[in-house]
Structures are given as structure tokens and as C-alpha cells.
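Just below is one structure, and these are the notes that go with it.
Chains as they are written, first to last, in my numbering: chain A, 182 to 447; chain B, 182 to 447; chain C, 182 to 447; chain D, 182 to 447; chain E, 182 to 447; chain F, 182 to 447.
This is how it looks when you write it as C-alpha cells:
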């Protein structure tokens with residue numbers, strides 16, 4: 182049973198021009214399937230702030246490839262070995278943190294694509310089994326690469342970074358960028374300095390037709406993000422979702438217990 | 182650093198006479214910590230319907246022992262080896278599914294307690310490190326045992342089951358009981374036959390001063406359960422929480438996207 | 182993305198009345214995918230003689246569910262906890278070794294099916310995510326149960342065993358049966374005593390319309406098995422396949438080395 | 182029980198001047214033992230295109246050390262931490278992909294050997310247990326280092342690369358080299374441009390007495406490789422072997438089924 | 182490389198008629214190798230009070246088979262599936278806790294040996310690779326079975342238990358036996374009641390030529406045990422060893438720190 | 182239950198100005214808890230010479246955070262991704278091997294601290310759950326960074342290295358330093374050349390108020406180290422402890438066996 186090979190851009194087009202994304206930060210295929218099945222267009226296995234090592238990411242990507250989402254990965258750093266192993270495990274996109282220069286963006290492209298675009302080494306064992314020989318011909322046009330911009334230096338170099346051929350998108354590291362700008366408590370759309378930097382990023386990305394993503398939760402913030410130009414929205418993380426609903430459940434219990442006790446006492 | 186040895190009953194007293202409980206159904210210490218930290222009084226590692234094997238349950242119980250919750254376990258079946266290994270890994274309570282006779286309830290007690298109450302084999306490697314020698318003296322008075330009643334036969338034998346010395350509580354298997362009663366779609370507090378059976382269970386448990394638990398979510402259902410006599414409420418499961426909040430996040434995204442698109446089109 | 186719920190019998194019909202089967206004896210989702218993708222109708226995760234524990238079987242079954250094969254499991258023994266956890270992890274069939282009496286066959290059925298047919302406990306977390314609510318209604322008609330007959334005593338009781346309602350098939354344990362009959366070196370279709378016993382098994386299974394399976398490799402033995410009445414053929418195991426082809430590769434190397442050396446010396 | 186410390190070169194001499202090699206691409210000690218026991222002189226745990234992380238490679242290397250093969254590793258990239266951990270886990274050789282300059286080859290040597298040859302940090306916990314104090318004295322003369330040449334740039338610098346003191350061998354990345362040369366479909370011994378590049382590599386390696394390896398399967402291709410000067414032949418990978426034999430088994434089944442059905446119909 | 186197949190009795194003879202034994206209670210092949218390499222005659226992977234599941238025990242047994250010790254296992258309970266999987270993973274002996282009747286001892290024998298002695302199912306994948314076809318012929322004469330006697334009831338039935346054909350030895354559960362006799366604080370060789378029970382056990386075991394084992398640490402206690410008739414001495418557990426030496430190291434540090442501080446202050 | 186956030190320096194002050202440290206070199210939370218509970222002030226999970234990968238280090242750090250020790254980590258190399266993931270998993274300190282220049286020391290600081298001191302990316306999922314929002318404000322003042330000096334070059338640059346702002350301490354790599362100085366068999370406090378280099382290191386560290394650590398076992402060597410100026414003493418490793426006590430146990434057994442045999446023969 183060959184899988185169809187669908188790039189992130191094709192999926193975006195099919196979804197009306199924007200993508201909903203979820204972040205898996207917990208290791209395990211079981212939670213990954215439950216989380217990924219809630220309707221996201223694409224799901225990112227997070228090896229940076231998620232507590233997931235390469236060993237656990239592999240079966241997660243393997244499984245996500247079989248669900249109706251595009252499997253993506255965020256790597257811990259600009260590391261050739263990790264990037265290529267995640268691609269060989271079936272990731273169809275890579276987000277790399279802390280890109281600050283066009284040279285770094287170029288290395289991301291170099292690591293993620295086969296010649297002539299890059300220097301990825303050939304050996305896609307799992308994708309070959311998943312997609313068949315179509316993968317060989319279309320890997321370079323299918324795989325997505327995202328450079329995270331999350332420092333003042335990254336913003337300074339945004340024009341050169343977005344000019345790198347082969348890059349698919351920019352992903353905003355909002356909190357890191359705020360810290361780097363010396364405004365650790367700034368929130369998006371509420372701080373002039375931060376917003377100006379973000380605006381610069383979005384403009385240059387748009388100029389080159391790149392996808393632009395960020396983490397944003399809640400209808401209101403998501404809408405402002407889309408209006409601002411973002412078209413790749415990380416609307417939830419697995420641990421955020423679990424934590425928030427569990428917290429609510431405990432509150433429900435406590436209210437019910439108080440109500441019941443009060444009624445009893447009356 | 183010795184941990185204080187707190188039984189479920191002591192915790193219940195401290196919490197006003199009832200307990201909030203959460204179910205871990207996903208393997209992994211990371212999700213377990215995040216989930217368990219939301220305020221539950223006790224957390225159950227579920228080896229029955231959770232997709233967790235003994236190997237993964239061990240580090241989860243080891244960690245939960247160090248958080249401010251009572252670590253419990255639900256075993257897949259009335260299996261001496263599994264019950265004792267989970268206790269040796271630090272579980273302070275065991276829930277056993279499908280108890281239908283007093284003989285089965287007696288075996289649960291036999292497996293979970295040291296002589297003279299039971300025949301648990303001595304070798305609590307991890308609890309000794311966690312609680313020190315206090316564990317040796319107080320294991321039998323600390324460890325909780327729950328018999329799940331989830332069949333018509335279990336209800337028939339409820340008097341004899343609750344009479345078993347050493348048993349701490351009854352846990353209701355609502356859906357299984359409904360199926361066993363030939364009413365697969367019945368819901369609690371909405372079906373006379375099911376409610377009558379549950380009432381019988383609760384009465385006999387209360388008569389013997391046992392804890393009575395069930396899964397119930399939402400303030401309203403929890404309150405009805407407490408009013409009905411339940412004092413151990415499983416208010417959330419990790420996967421339920423994750424799924425429900427993630428589903429909401431995707432809806433938020435879709436609403437925002439539609440609103441933004443509509444505004445643009447105008 | 183809901184999966185279609187296809188029973189083993191439906192798959193057999195689609196395949197012309199017989200099934201090719203492969204056995205996964207090594208833990209790991211990666212090897213499972215590669216092996217399962219070679220064209221088998223159904224794949225069995227072997228927890229008996231395979232060195233696979235429940236913990237590793239879970240992600241393997243989870244993944245196999247998404248490939249175009251029916252995911253089956255062989256459990257180590259007639260153990261309620263293991264059987265039900267494997268079903269909750271997505272297995273659509275269970276093979277149980279060493280069934281010798283109709284009482285044991287009845288327990289297999291009891292463990293594997295929901296009421297009223299059996300007493301499987303409700304909580305199919307993963308299948309619900311995979312198949313949606315269709316699973317609730319069709320689990321009993323979809324799940325397959327195979328009793329292994331592999332002792333003289335099992336043969337003696339074959340009529341009563343095959344009469345058990347709910348049983349889907351019989352799987353022959355050829356080597357164990359030969360040992361039990363006191364003919365440890367006997368081979369199938371070459372030994373009168375063994376063949377007579379197997380014939381009895383097949384006849385009774387056929388009488389009841391049950392599937393009948395065995396391990397048989399090589400075109401000739403497979404054909405004899407089908408002619409004999411078998412319609413479920415385990416044509417390969419992962420380790421058998423790996424071993425046999427690796428052995429051939431080493432021979433290839435040695436031949437080539439000798440040829441090259443001889444040519445050089447001339 | 183101390184193990185004898187046998188270098189790859191000693192094993193090559195014992196085997197008549199060339200080595201058969203197998204690649205483990207699947208994680209797991211069980212499959213590793215079965216595969217490695219088929220007669221290879223040396224076995225490589227592949228952390229590059231194999232879906233094996235460091236965590237799984239460690240017990241695999243630990244076990245391979247106890248079988249009658251030389252345990253080798255291919256690392257994902259020129260990464261000091263990974264190379265040294267794999268050596269501390271018992272690898273007696275390291276293959277590093279994408280070596281393009283003598284500076285890179287020198288770093289490989291630096292990472293893999295103790296002073297004065299390199300700067301490997303001292304702490305060989307497992308080899309000390311395996312080989313005793315002999316390891317301290319002979320590690321540098323026992324451990325093998327292979328630079329993979331798989332780009333046009335690597336070929337250009339082959340003289341300088343092979344001149345690096347301490348390097349044991351060259352391993353050809355045939356497919357990557359073909360892609361780098363702009364001839365993605367070229368096959369070895371069938372394409373002038375590719376063959377010329379390979380010839381250059383082999384000549385320079387031979388000039389310095391280095392081992393020269395490649396992946397080649399089938400008697401005929403292996404023989405041509407040996408005749409061409411290669412003396413380290415990767416004759417099989419575990420997944421390749423499993424896939425190829427499983428595919429054959431399914432074909433066997435289908436032939437048998439067709440034959441049987443046709444006979445029946447007649 | 183075939184391993185020689187050495188039974189525990191052969192090893193005992195070679196060692197002068199008694200055996201030193203170590204217990205692995207922590208999961209992991211790395212610690213298992215370090216621990217097992219200290220000179221024990223045989224090493225037991227403890228799935229009962231050790232926090233080791235079947236999944237982790239498999240690679241441990243696989244590795245121990247390759248070291249110069251006899252690999253044994255203690256199972257959590259009299260469970261056919263677990264016993265047979267551990268044997269298929271290479272254990273050459275099984276210790277089963279809580280044997281109280283001759284019927285239970287007979288089941289242990291039944292599960293551990295091939296027909297005609299028992300009913301172990303055939304499929305020793307790993308031993309076949311380790312020992313070759315010799316295993317088929319000699320498994321029954323090589324594998325050791327130990328019944329743990331650790332209750333008053335077990336002592337009562339000791340004659341019938343030791344009369345069971347095929348049983349290799351008795352292993353004393355000293356602490357459990359003391360508890361069962363109502364003397365929880367009794368120590369061996371210091372309590373008349375306990376010693377009388379142990380004497381009965383040893384006499385009956387000796388009468389049948391069985392091996393008799395126990396846990397005993399320190400030269401003095403080991404010597405008294407040997408003098409008493411024991412010939413299988415568990416002289417250390419991995420966690421006991423680690424704990425005791427680490428405790429000493431902290432004391433060393435504290436003494437040194439105090440001495441240094443005092444000297445400084447003078 | 183929020184944990185108090187205690188820096189290594191605070192713990193050192195509380196302990197009288199020096200710290201006892203233990204090294205975890207074996208993967209697994211179980212052994213980590215047993216080992217860490219013996220009284221060390223801080224425990225280091227060793228990803229360099231310990232056979233522990235990132236995946237296993239995460240649950241170990243998660244658990245150590247809940248014990249009464251400061252959880253530290255030694256990374257395999259100066260790798261941003263690994264350092265930040267270990268901090269996100271709860272490590273409160275990082276030891277980095279092979280620091281030879283001030284530029285490398287500055288990169289260590291850059292990777293381990295948030296802006297403005299460094300460029301650590303924000304996302305401390307686990308510490309947020311463990312310490313609450315206090316972590317955000319105090320991470321930079323709590324986290325410790327140790328540069329290992331273990332080469333002649335590192336000694337040459339010790340002044341510039343210790344001048345790097347933000348560095349917490351120096352850790353001596355005694356054996357590597359001896360090898361780098363061309364004196365592979367030199368022992369500390371017994372070799373003039375080695376001692377001179379160490380003296381230089383300690384002086385410069387003290388000048389800047391840095392912590393200075395090393396591995397030293399036995400009261401006498403620890404005392405000499407403290408007198409020499411060291412105030413961070415690795416007094417044991419888990420495998421060293423296990424090995425040394427197990428070796429003693431085997432000796433005990435052998436003495437007892439010989440004594441008993443001799444007595445018997447008389």
C-alpha cells in the first residue's frame with residue numbers, strides 16, 4: 182500500500198491557503214496518534230523543547246506518515262546527522278531553531294535536500310517503503326524547510342535568509358525573539374518593538390512567497406495572526422492540551438465537591 | 182530524603198472525605214508528571230485499558246511517588262506476579278478488574294498484603310528506598326485494594342465481596358456493567374436497571390465503610406455521583422484530556438481562519 | 182482519517198478464499214513495517230516464540246493497523262490480561278497456543294469478545310481512534326480467534342473444541358504436535374501418524390467452516406497444505422527471512438572471493 | 182572471561198585478505214544476533230541510514246562484541262560525541278560519511294584515537310570489561326577508521342585524504358557519488374564517469390595500503406568489485422535480506438495458491 | 182560461533198560442588214555485563230522483586246549467555262507464558278517463587294521442559310542461534326528448575342515437592358518463610374523455629390540430590406550456609422552492591438572533608 | 182507541589198563549602214534512584230563515558246530533580262542541542278568535556294544561559310512544572326556550568342577560560358590530562374609534571390572564585406584533593422560501586438567455600 186506523497190504546500194492549497202499545526206512534545210506513538218487524529222493539517226515532532234530523542238521520534242514519524250497529516254520535525258539544532266536521520270524516518274519537513282544568518286539557512290537547505298539543491302545523503306529506507314520510487318524523484322519538491330527566526334540578529338539578516346533558494350518557510354520563535362530584543366515580557370500584538378520585528382520577518386517571507394508560522398492559541402490570537410500574514414498556525418501542543426483540560430477537570434471536581442458538601446450541610 | 186507514607190484513606194480524610202483521581206493511560210514519565218501535577222489527590226497508572234506495560238509502569242510509579250499524589254495502579258487481570266511487581270515499584274494501591282466472586286476478592290487481598298493478612302512476597306526494593314523501614318511496618322495499613330464490579334455476577338455477589346477483610350474499596354465499571362446487564366447504551370443516572378445495580382453496589386460498600394469510585398467527568402455528573410455516595414472520582418484521563426483540548430484548538434483555528442477569510446473577502 | 186474495519190474472513194474472501202500470513206518475531210516498528218509491506222494478507226505479532234513483550238507489541242500493532250494487512254497477535258498463553266490489552270492496542274485477531282480442551286477454547290472466546298458472546302472489558306482506546314464508533318458495533322464480528330492444536334490431547338478433543346461458538350479458526354502447531362505424538366522428527370505429509378492427526382483436525386475444522394492455518398514455506402509445501410485443506414498459510418517469519426537471505430549473501434561473497442582469488446593466481 | 186582483541190586488519194589477514202561485512206539497519210539486539218550469526222567477518226551498526234539511535238546502538242555493539250565478528254559502526258556525521266560514545270560502547274571501527282577534505286579526515290582520526298595520534302577522551306568502560314587492560318595499550322592499533330568518499334569534492338581531495346596518518350580505509354558511497362557527479366542513475370562498472378572516479382579512489386587507497394569497501398550484492402557484482410581492488414564487501418543489510426526473502430515467500434504462496442486452485446478447477 | 186551448552190550441574194561440578202550466584206535486579210544490559218563479569222558462576226535476572234519486565238529481561242539473558250556464567254531467571258509467579266518466553270530468550274534455569282504443593286512443582290516442571298517430561302512449546306529461536314541443534318537434544322538435561330520454598334505450607338509439603346521428577350533444586354525464601362512462620366524478625370541460624378523449618382527443607386532436598394540455594398552475604402554467613410548444606414549461594418545483588426559501596430564512598434568523603442576542615446582550622 | 186530551586190552554590194554553602202558528587206553511568210531511573218539516595222550532594226548523569234543516551238537521560242534527570250540532590254549532566258561534547266535538551270529536562274548544571282579555549286568556554290555559557298548572558302532558547306517544559314515561574318527568573322543564577330580541562334592546551338589557556346563570565350566551575354579530567362602531557366601512567370599527587378598543571382588550573386579557578394572538581398575515591402585521596410583546593414569531589418560512580426562490591430562478594434564466597442571445604446576434609 183503506497184502512500185500518496187503530499188507536500189506541505191499542496192496540503193496548504195487544499196486547506197484554503199493556511200495550515201493548522203500541532204506539536205508533539207511527549208515521546209510515544211500512542212499519544213502521538215491520539216493527538217494527531219484531532220484534525221490538524223500537519224503535526225511536528227519536537228526534538229528541541231519536547232523531551233523526545235531521535236530514538237523515540239523515529240516510530241512517531243513512521244506512524245504519523247500513515248495518518249492523514251503531514252509529518253514534520255523540529256530538530257534541536259542545525260545538526261546534519263539528526264536532520265538527515267529524521268528525513269530517512271519519514272519526516273516531510275524540518276524546522277531548525279536559531280537561524281541567524283543566510284549561511285546557516287543555506288546549511289539547512291544543504292542538509293535537507295538531495296543534489297543538486299543540497300547534499301543529503303541517499304538512503305531513505307522508510308520513505309522508500311512508504312512512497313515507493315516516487316519518493317526519489319519528488320523528495321526535493323516535497324520536503325519543507327523552516328528557519329526559525331528568534332533573535333535580533335536573525336531579524337537583521339532576514340532579507341538574506343529569505344533569499345536562500347530552497348527554503349520553504351519561516352517559523353517565529355516569539356518568546357525567544359522578545360528576550361533577544363530585551364523585552365522578555367512582551368507579548369505579540371501588544372508591544373511595538375516586538376511587533377515591528379515580526380512585521381519585518383513576515384514582510385520578507387511574503388516577498389519570497391514563503392510560509393510563515395508561529396505558535397498561537399485561542400480563536401482571537403489565531404485570527405490576529407492570520408490577519409497579520411501568518412499562514413501556518415501551531416494551535417496546540419500535546420502537553421499544553423493535556424495540562425489545560427486536566428486542570429479544568431480538577432476544578433470541575435472541586436466545584437462539584439463543594440456544591441455537594443454545602444447541600445449536605447444544609 | 183525519606184518520603185512520608187500516606188495511605189489513600191489518610192489522604193481522603195485530609196481532602197474532606199472524597200478523592201479526585203486521574204488516569205494515566207499513555208506510557209511515559211514525562212506525560213505522567215505533567216498530568217499528575219494538575220491537582221489530583223491520586224493518580225492511577227492504567228495497565229488494563231491504558232496501553233502501558235509493566236516495564237513502562239515502573240518508572241511512572243517511581244516518579245509519581247515523588248509528586249504530591251498517591252500512586253495507584255490498575256492491573257490487567259487478577260495476576261499475582263503483576264500485582265506484586267507494581268507494589269514493589271511503589272504503587273500504594275491496586276485496582277483489579279472483573280471481580281465477580283468473594284473468592285476472587287480474597288485472592289486480590291492475598292496478593293496485595295503481607296502475612297498474616299495476605300501472602301505478598303517480601304522484597305519492596307523501591308519502597309524501602311523511598312519510605313525507609315517505616316514501609317515494613319505500615320505497608321499493610323497503607324496499601325489500598327479496589328475490586329472492580331462490572332458484571333451482573335459481581336453485583337449478585339456484592340455482599341460477599343464487600344465482606345472480604347482487607348478490601349479498601351469498590352470501583353465501578355459503568356460501561357461493562359451496562360453491557361453485562363444487557364443495556365449497552367445505558368448511561369448512569371438515566372437508566373433504572375443500571376442505577377438499581379449501582380445502588381446495590383454503593384449500599385453494600387457503604388455498609389462496610391469502603392471507598393467507592395467511578396469515572397465521571399463534568400461538574401454535573403461528578404456532583405450527582407458524590408450525592409449518590411461515590412467518594413473517589415476519576416475526573417479525567419490523560420488521553421481524554423489531551424484529545425478534548427486538542428479538538429477544541431483545531432476548532433478555534435478553523436473559526437479564526439473562516440472569520441479572517443470572510444473579513445478579507447469583504 | 183478513519184480506517185475501514187475489515188475482518189479476516191472478509192479479507193480471505195477478497196483474496197480468493199485463502200490467506201498469506203507473515204510472523205513478526207523481532208520487536209520494533211521499523212522491521213515490522215518493512216516485513217509487513219511485502220504483500221502478506223495478514224501479519225501476526227508473535228509474543229510466544231517471538232522475543233516480543235507486550236510493551237513492544239503495542240506500537241507494532243498500532244502501525245500494522247495502518248498498513249494494508251490485518252494485524253494479528255499470538256499470545257504466550259491463555260491469559261486474559263494480555264489478550265485484552267493486545268485487542269485494545271488494535272489486534273484484530275488472537276492466536277492462543279496449547280488449547281487442549283473445549284473449556285480452554287471457550288475461555289479464549291470469553292476473553293476476546295464483548296458480551297453477550299464473551300466478557301471482554303470495554304475500553305478500546307486505540308481502535309476507537311482508528312475505526313471510530315463502527316468498532317463498537319462490529320468488534321465481535323470482526324475479531325478472529327484461533328486455537329492452536331499442538332498436542333495429542335488437543336486432537337482427542339478436537340470435536341468439542343471446534344464446536345465452541347465464536348471460534349474463528351484452528352492453527353496447527355506442527356512440531357509440538359509431532360513431539361506430543363512421540364514422533365519428534367516427523368515431518369508433515371511424510372509421517373502417517375502425524376498426518377492422521379492433522380487430517381482429523383482439518384476435517385473437524387472444515388465441518389464447522391473454520392479457518393485452518395499452519396506454518397509452511399516453499400511453493401511445494403504450501404501447495405500440499407492448501408490441497409490438504411489449509412487456507413491460512415504462514416509463509417515466512419521475519420527472522421527466518423532475514424537469516425536465510427543473509428546466509429545466501431555470505432555464500433555469494435565466498436564464491437566470488439574464491440573465484441577472484443583463483444583467477445588471480447592463474 | 183576476557184575477549185581477545187582482534188583488529189579488522191588481523192581479521193582480514195586471517196580471512197585471506199578481504200572481509201565480508203553486513204549492515205544492521207534495524208534497532209534491536211535480537212535481530213542483530215540472528216543477522217550477525219550468518220557468517221560475516223564484521224558487522225556495522227548503521228546510525229546513518231539505519232533507523233538506529235545511539236541508545237539502541239549501545240546494547241547492539243555490546244552484544245556483537247561477544248559474537249565472532251568485528252563490531253563496527255557508521256555514525257550519522259562527523260560528530261565527536263557520537264564517535265567516542267560508540268567506541269566506549271565497544272565499536273572497534275567507525276565509518277564516517279561525507280568526508281570531502283583532508284581536514285575532515287584528520288578530525289575523524291583525532292576523534293577516534295587516543296593521544297598522541299588523536300584526542301579521544303579516556304573512559305572505555307565497556308571495552309575495559311570486555312578486553313581488560315590490553316585495551317588501553319592496543320586501542321589505537323586495533324580501532325579502524327573509514328572515510329566515506331561520496332562526492333566529487335571528496336574524489337578531488339582523495340590524495341590528501343588518503344595521506345592522513347591513522348586512517349584505516351575508504352568506504353565508497355556509490356549512489357551519493359553518482360548523484361554528486363550528476364549521474365543519478367549510473368551504476369558501478371557500467372558508467373565511465375563514475376568508474377573513473379571510483380578508480381581514482383581505489384588507486385589512492387591502495388597506494389597507501391588502505392582497506393577499500395563498498396556495498397555490493399550478488400556473486401557477480403561482488404566478484405567484479407574484488408577484481409577492481411575492493412577488499413571489504415558489504416554483501417547484505419538486515420532489512421534488505423528480510424525484505425527480499427519475504428517477497429519471495431509471498432510469491433511462493435501465490436504460485437502455490439494459483440496452482441492449487443487451477444488443479445481444483447480442473 | 183556456537184556456544185558450549187553447560188548445565189548448572191556441570192558448572193557446579195567444575196566449581197567443586199557449589200555455586201556462587203549474583204542477582205540482577207536492575208534492567209539494562211550494561212549493568213548486567215559489569216555485574217556478571219565479577220566472577221559469579223551463575224547470574225539470575227530477577228523478574229520478581231527486581232524491577233525488570235520481560236521486555237528488558239530478554240536482551241539481558243541474550244547477553245549473559247555470551248559471558249562466562251550460566252544465565253538464570255526468577256519469574257514473578259508460576260506463569261507458563263513468562264517461563265517459556267524466558268527460556269526461548271536463553272535462560273538455562275528458572276526459579277519460581279511461592280511453591281507450596283507438589284502439584285505446583287509439577288506445573289513448573291511441565292512448563293520448563295519439552296515432552297515427554299513437560300509440555301514446553303517448541304520454538305527456541307535464540308538458543309538455536311546460540312547453541313545450534315545440540316540444544317534440541319539437550320535442553321531437558323541442561324535446563325534447571327528451582328522451586329522457592331517460603332511458606333509454612335511449602336515446608337509441610339516439602340517431601341512431596343522434592344519428589345517431583347525433573348526438579349533441579351530448592352531455593353529458600355528466608356524472609357518470607359520467617360514471616361509465614363509468624364516470626365518476621367527471625368534471622369537464619371539465630372532462631373530455632375526458622376532453623377528447624379530450613380533444616381527440614383535442606384534434608385529433603387539432599388535426600389533427592391537437589392541443589393539447595395539461598396541469599397547469604399558476608400564470609401561468615403556464607404560459610405554457615407555451606408556447612409548447613411546449601412550449595413548455591415546468592416552472594417550479592419546488583420543494587421545491594423551498588424548501594425553498599427556508594428554509601429561507603431559518601432562516608433569516605435565526609436571523613437576526608439571533616440579531617441581537612443579540622444586541619445585547616447588548627 | 183513546587184520544588185524549591187536550589188543552585189549548586191547554595192547547596193555547597195549549606196554543606197560547608199564543598200560538595201560530594203556521584204556519577205550515574207548506567208541508564209535507568211531505578212538504579213539512579215538507589216544510587217542517588219546514598220547521600221551525595223549532587224549527582225551527574227554522564228552522557229560522555231556513561232553509556233546513556235539523551236533519551237534515557239531525560240527520565241533520570243526528571244527523577245533526580247525530585248530527590249534531595251542537585252541533578253547535573255555531563256554532555257558528550259560541546260553540542261548546543263544536547264545541552265539545551267538536558268536543561269529542558271531539568272538538569273541544573275552541565276559539565277562539558279574537552280574545553281581548550283576561551284572561545285569554547287564562552288560557547289558553553291552561551292548555550293546554557295538565557296539572554297542576556299547566553300542564547301539558550303526558551304521552552305523549559307519540565308522545570309516549569311517542577312519549579313513554577315520562579316524558574317524563569319532564576320534559571321541563569323541557578324544553573325551551573327563546568328568546563329573540563331583535560332589537555333595541555335586547556336592548561337595553556339586556563340587564564341582566559343576562567344575569565345569567561347558565567348562559568349561556574351572547572352572539572353579536571355585527570356587521566357586525559359596525563360595522557361595529553363605525555364605521561365599516561367602518571368597519578369595525581371605523585372607526578373611533578375601533572376601536579377604542576379593541576380596546580381595551575383586550581384589557582385586560576387580559585388582566583389575567580391570558581392568551583393573546582395575531580396574524581397577521587399578513598400578517604401586519603403579525597404582528603405589530599407580537598408587540601409589541594411578541590412571543593413567538588415566525585416567520590417563514586419554507579420558502575421564502580423557495583424563492580425567493587427560485587428567483586429568483594431565473590432571473594433567472600435570463595436573464602437567461605439574454601440574454609441568450609443577444608444573443615445570438611447579434616
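For every residue, glycine included, the Cβ atom is placed at its ideal position computed from N, Cα and C. Computed from a prediction, not measured in an experiment: that's the story for all the values here.
- The beta carbons of residue 382 (chain C) and residue 330 (chain C) sit closer together than 8 Å.
- Judged by DSSP secondary structure, residue 287 (chain C) falls within the alpha helix (DSSP H) whose first and last residues are 283-293.
- Of all residues in the stretch 242-275 of chain B, only 243, 244, 247, 248 and 249 come within less than 8 Å of chain F when Cβ atoms are compared, listed by chain position.
- Every alpha helix (DSSP H) of 4 residues or more that sits fully in the stretch 373-421 of chain B is shown, in chain order, as 373-388 and 400-409.
- DSSP, reduced to helix, strand and coil, places residue 262 (chain E) within a helical segment of the structure shown.
- Scanning its chain for C-beta atoms nearer than 6 Å, with the 5 sequence neighbours on each side dropped, one finds around residue 281 (chain C) the residues 332, 334 and 335, in chain order.
- Burial state of residue 250 (chain F) is buried, judged by a 10 Å Cβ sphere holding 16 or more other Cβ atoms.
- Here residue 247 (chain F) is buried, its C-beta having at least 16 other C-beta atoms within 10 Å.
- In this chain, the beta strand (DSSP E) harbouring residue 326 (chain F) covers 325-330.
- Residue contact with chain F for residue 446 (chain A): absent (no Cβ-Cβ distance below 8 Å to any residue of chain F).
- For residue 310 (chain E), the C-beta contacts it makes with chain D under 8 Å involve 214, 215 and 218, in order along the chain.
- By the Cβ criterion, the stretch 238-247 of chain A is in contact with the stretch 255-275 of chain A, since at least three pairs of Cβ atoms, one from each stretch, lie closer than 8 Å.
- Within the stretch 215-265 of chain B, the complete alpha helix (DSSP H) runs of at least 4 residues fall at 235-245.
- Considering only C:386, C:312, C:325 and C:409, the residue with the shortest C-alpha distance to residue 183 (chain C) is C:312.
- By the Cβ test, the stretch 405-415 of chain F is not in contact with the stretch 361-373 of chain E, since fewer than three Cβ pairs between them sit closer than 8 Å.
- Note on geometry: alpha-carbon atoms of residue 437 (chain B) and residue 417 (chain A) lie some 14 Å from one another.
- Look at the stretch 358-371 of chain C: the residues with a C-beta under 7 Å from a C-beta of chain E are 360 and 361.
- For residue 306 (chain A), the neighbours in chain D by C-beta distance under 8 Å run, in chain order, 206, 230, 231, 232 and 420.
- The continuous beta strand (DSSP E) containing residue 276 (chain F) extends over residues 274-277.
- In the DSSP assignment, the residues bridged to residue 201 (chain B) are B:414.
- DSSP, read as helix, strand or coil, puts residue 209 (chain C) in coil.
- Among the CB atoms of chain B, none fall inside 8 Å of the CB of residue 314 (chain C).
- Distance from the CA atom of residue 226 (chain C) to the CA atom of residue 427 (chain E), rounded to whole angstroms, is 43 Å.
- The C-beta distance from residue 351 (chain C) to residue 328 (chain C) rounds to 6 Å, short enough to fall under 8 Å.
- When Cβ pairs closer than 8 Å are counted between the two stretches, the stretch 355-368 of chain D is seen to touch the stretch 289-307 of chain A, the count reaching three or more.
- A distance below 8 Å between beta-carbons, with the five flanking residues on each side excluded, links residue 402 (chain C) to the following residues of its chain, in chain order: 369 and 370.
- Residue 210 (chain D) is positioned such that its CB atom lies closer than 8 Å to that of residue 244 (chain D).
- Minimum Cα-Cα distance from residue 422 (chain E) among the listed residues E:260, E:387, E:207 and E:339 corresponds to E:207.
- Using beta-carbon distances, residue 278 (chain B) counts as an interface residue toward chain C, with a partner under 8 Å.
- Interface annotation for the stretch 390-402 of chain D against chain C: 397, 398, 399, 400, 401 and 402, criterion Cβ-Cβ distance under 9 Å.
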